[in-house]
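Residue numbers (this note's numbering): 6 to 331.
Please read the structure below before turning to the comments.
What follows is the structure, given as structure tokens:
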């Protein structure tokens, strides 16, 4: 009797339960990190677009478009990992994203150490809510991303139709994230998306790298009543309101008015001569004011060093005139 010998490839038993468990935990943790990072960018895509522009990543598309697409990719991969989709294609894309994050934080760290650029802040991988120095960003990203990525690779799942629903959910989330990122700048999310919100103390609003605080820029905010306008001097809405701001400052009936800007001191001087602005304009570092707004101008009210109200735009000067000054 003839014996037929087949040439089917031999397969190993596959990863054991320990490796599968570690891979699941690593992928879930890494996906959670991606989703948190994407959330911080999603509610303030304008700040993330600024990072894209500063990093020189707007080569093919505008910084705004790159930011929106990057947020969508981060949401899609993050949700896929959380849902247990560990196909090799997903893990390869995830590895590329992790390598890209580490490249950005590593470059910022190198620039900071070599003094090649003003690298007082991190790459913005966690949006505007998390402020990290270049060294903190590199160390934290390496400790969070490399171990979890390595664990996820311990047991890739086969690319079978089994996780099809989860893959589709990730794709839908990607599209939804891009759509939300497009709409987010026009949504009332300023108190969520920035560090400036009612209840915060001005001495808590600091940079991470050099511990410069809003209190350092305006020391008088710790006592009395004040209203602060954050703005660029060339903002049309601000320039149109100069007569009204002059009148409010001269009247002296409401909380004391301050205008805070990151413009150079010589620009402020020329601005005063050109526009006739008579209210006080204080110059400070961009690193202090940038985490406090999504769009300019933005304003807030302070009582004894505590933020009590914020406004997207200029403050309601008429109603403030009815309140006692500080």
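All C-beta atoms, glycine included, are put in the ideal place defined by N, C-alpha and C.
Predicted, not measured: the structure shown is a model, and the values here were computed from it.
Inside the stretch 297-326 only - alpha helix (DSSP H) runs reaching at least 4 residues: Within the stretch 297-326, the complete alpha helix (DSSP H) runs of at least 4 residues are 322-326.
Neighbour-count burial assignment, residue 126, 16 or more Cβ in a 10 Å radius: Sequence index remark: in the chain shown, residue 126 carries index 121 (1-based). Because residue 126 sits at a pLDDT of 48, beneath the cut-off of 50, its placement in the model cannot be relied upon, and the point is left open.
With distance defined between alpha-carbon atoms, name the residue in 69, 41 and 284 nearest to residue 247. As a first step, residue 247 must be located in the chain shown, where it is residue number 242. Of the listed residues, the one whose Cα sits closest to residue 247 is 284.
Alpha carbon to alpha carbon, how far is residue 77 from residue 270? Here the question's residue 77 lines up with position 72 in the chain shown. Here the question's residue 270 lines up with position 265 in the chain shown. Straight-line Cα distance between these residues: approximately 40 Å.
Just how far apart, CA to CA, sit residue 244 and residue 264? Sequence index remark: in the chain shown, residue 244 carries index 239 (1-based). Sequence index remark: in the chain shown, residue 264 carries index 259 (1-based). About 12 Å.
Residue 235 - partner residues in DSSP beta bridges: Sequence index remark: in the chain shown, residue 235 carries index 230 (1-based). As a beta-bridge residue in DSSP terms, residue 235 pairs with 265 and 303.
Pick out whichever of 59, 307, 113 and 208 has its Cα sitting closest to the Cα of residue 234. Along the chain shown, one-based indexing puts residue 234 at 229. It is 307.
Check whether the stretch 148-156 touches the stretch 22-38, taking contact to mean three or more Cβ pairs, one atom from each stretch, closer than 8 Å. A contact exists between the stretch 148-156 and the stretch 22-38.
Which value, in whole angstroms, describes the spacing of the CA atoms of residue 197 and residue 20? Here residue 197 refers to the residue found at position 192 of the chain shown. Here residue 20 refers to the residue found at position 15 of the chain shown. Approximately 43 Å, taken between the alpha carbons.
Report yes or no: do three or more beta-carbon pairs, one from the stretch 178-187 and one from the stretch 287-297, lie closer than 8 Å? With the cut-off at 8 Å, the stretch 178-187 and the stretch 287-297 do not touch.
Measure the C-alpha to C-alpha separation of residue 163 and residue 90 and round it to an integer number of angstroms. Translated into the one-based positions of the chain shown, residue 163 becomes position 158. Translated into the one-based positions of the chain shown, residue 90 becomes position 85. Computed Cα separation, rounded: 9 Å.
Examine the Cβ distances between the stretch 103-114 and the stretch 199-215 and report whether three or more of them are shorter than 8 Å. Taking a cut-off of 8 Å for Cβ pairs, the stretch 103-114 and the stretch 199-215 do not touch, as fewer than three such pairs fall below it.
For residue 223, count the other beta carbons within 10 Å of its own beta carbon; 16 or more makes it buried, fewer makes it exposed. Which is it? By 1-based counting over the chain shown, the position of residue 223 is 218. Buried is the call here.
Report the three-state DSSP secondary structure of residue 9 (helix, strand or coil). Counted from its first residue, the chain shown places residue 9 at position 4. For residue 9, the predicted structure reports a pLDDT of 45, less than 50, and the residue's modelled location is therefore unreliable. The matter cannot be settled from this model.
Per-residue DSSP class, three states only, for residue 205: The sequence position of residue 205 within the chain shown is 200, counting from 1. It is coil, neither helix nor strand.
Taking the runs of the alpha helix (DSSP H) that are 4 residues or longer, which of them lie wholly in the stretch 44-78? The qualifying runs are 50-59.
Alpha carbons only, please: which of 190, 292 and 71 is nearest the one belonging to residue 137? In the chain shown, residue 137 corresponds to position 132, counting from 1. Looking at the Cα atoms, 292 is the closest of the given residues.
Three-state secondary structure (DSSP) at residue 90? Walking along the chain shown from the start, residue 90 turns up at place 85. The DSSP-derived three-state label of residue 90 is coil.
Using alpha carbons as the reference points, say which of 255, 79 and 88 lies closest to residue 174. Here residue 174 refers to the residue found at position 169 of the chain shown. For residue 174, the nearest C-alpha among the options comes from 88.
If you measure between the beta carbons of residue 205 and residue 312, is that distance less than 8 Å? Here residue 205 is taken as the residue at index 200 of the chain shown, counted from 1. Here residue 312 is taken as the residue at index 307 of the chain shown, counted from 1. It is a contact, given that the beta carbons lie within the stated cut-off.
Distance, Cα to Cα, residue 158 vs residue 69? The residue labelled residue 158 in the question sits at position 153 within the chain shown. The residue labelled residue 69 in the question sits at position 64 within the chain shown. The alpha-carbon of residue 158 is positioned some 33 Å away from that of residue 69.
Flag this pair as yes or no: are the beta carbons of residue 290 and residue 229 separated by less than 8 Å? Numbered from its first residue, the chain shown carries residue 290 at position 285. Numbered from its first residue, the chain shown carries residue 229 at position 224. No, they are not a contact pair.
Give every residue of the same chain whose Cβ lies closer than 8 Å to the Cβ of residue 146, excluding the five residues on either side of it in the sequence, and list them in chain order. Reading the chain shown from its first residue, position 141 is the one you call residue 146. Excluding positions up to five away in sequence, the list reads 106, 107, 110 and 130.
Determine whether the beta carbon atoms of residue 40 and residue 95 lie at a separation below 8 Å. Here residue 40 corresponds to residue number 35 of the chain shown, with the count starting at 1. Here residue 95 corresponds to residue number 90 of the chain shown, with the count starting at 1. No, the Cβ-Cβ distance between residue 40 and residue 95 is not below 8 Å.
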